[in-house]
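Below is one structure; the comments refer to it alone.
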Amino acid sequence: MIPGCSKGARSRGLCKRHGGGKRCTYPECTRSDQGGGYCIAHGGGKRCATEGCKNSAQSRGLCKTHGGGKRCRADGCTKSSQGGGYCRGHGAGRASTLAKSTDIII
Numbered sequence: 001m002i003p004g005c006s007k008g009a010r011s012r013g014l015c016k017r018h019g020g021g022k023r024c025t026y027p028e029c030t031r032s033d034q035g036g037g038y039c040i041a042h043g044g045g046k047r048c049a050t051e052g053c054k055n056s057a058q059s060r061g062l063c064k065t066h067g068g069g070k071r072c073r074a075d076g077c078t079k080s081s082q083g084g085g086y087c088r089g090h091g092a093g094r095a096s097t098l099a100k101s102t103d104i105i106i
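Position 49 (the sequence shown) corresponds to 49 in the UniProt record's numbering; numbering is contiguous.
Here's what the structure looks like:
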């Protein structure tokens, strides 16, 4: 058990992030097995259903490029959500406007 980690233990008393669960069988790789004995980088997990695409499927059997994953909530936008339900162009990942690092309080 790792101090401060609240994730459920898989095997060896560890969560997936800290080394529990199955591992990729590619030589010298320590990433988690995503299916078929390999991590995503080495061919594990599900792939996009679009012919010729080798990207990982996010949802509905498609990668983000071909329509998988969550979409931006802004009206008419078809880009992928990058956090908080919006794409980068509509506000995801922007710093708070409440306080700027250049503001000085005297």
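C-beta: ideal position from N, C-alpha, C; glycine also. Note that the structure is predicted; figures quoted are calculated from it, not measured.
With a 10 Å radius around its C-beta and 16 neighbouring C-beta atoms as the bar for buried, classify residue i as buried or exposed.
i	result
SER81	buried
GLY68	buried
CYS39	buried
SER11	exposed
CYS5	exposed
ALA49	exposed
According to DSSP, simplified to helix, strand and coil, what is residue i?
i	result
ARG17	coil
GLY83	strand
ALA47	Checking the sequence, you will find Arg at residue 47 rather than Ala. Strand.
ARG88	helix
Could you tell me the distance, in whole angstroms, from the CA atom of residue i to the CA atom of residue j?
i	j	result
ARG60	THR78	16 Å
HIS18	THR25	17 Å
ILE2	LEU14	7 Å
HIS42	PRO27	10 Å
Residues in the same chain with beta-carbon distance under 6 Å from residue i, minus the five sequence neighbours each way, listed in chain order, please.
i	result
GLY85	ARG73
ARG88	GLN82
GLY36	GLY44
Just to confirm my understanding: we take residue i, look at its own chain, exclude 5 residues before and 5 after, and list those with CB closer than 8 Å. What are they?
i	result
CYS57	One detail in the question is off: residue 57 reads as Ala in this sequence, not Cys. GLY45, LYS46, ARG47, CYS48, ALA49, CYS63, GLY68.
Using a Cβ-Cβ cut-off of 7 Å (strictly less than) and excluding sequence neighbours within five positions of residue i, which residues of its own chain qualify?
i	result
GLY8	CYS15
In this structure, what does DSSP give as the bridge partners for residue i?
i	result
ARG23	SER32
ARG71	SER80
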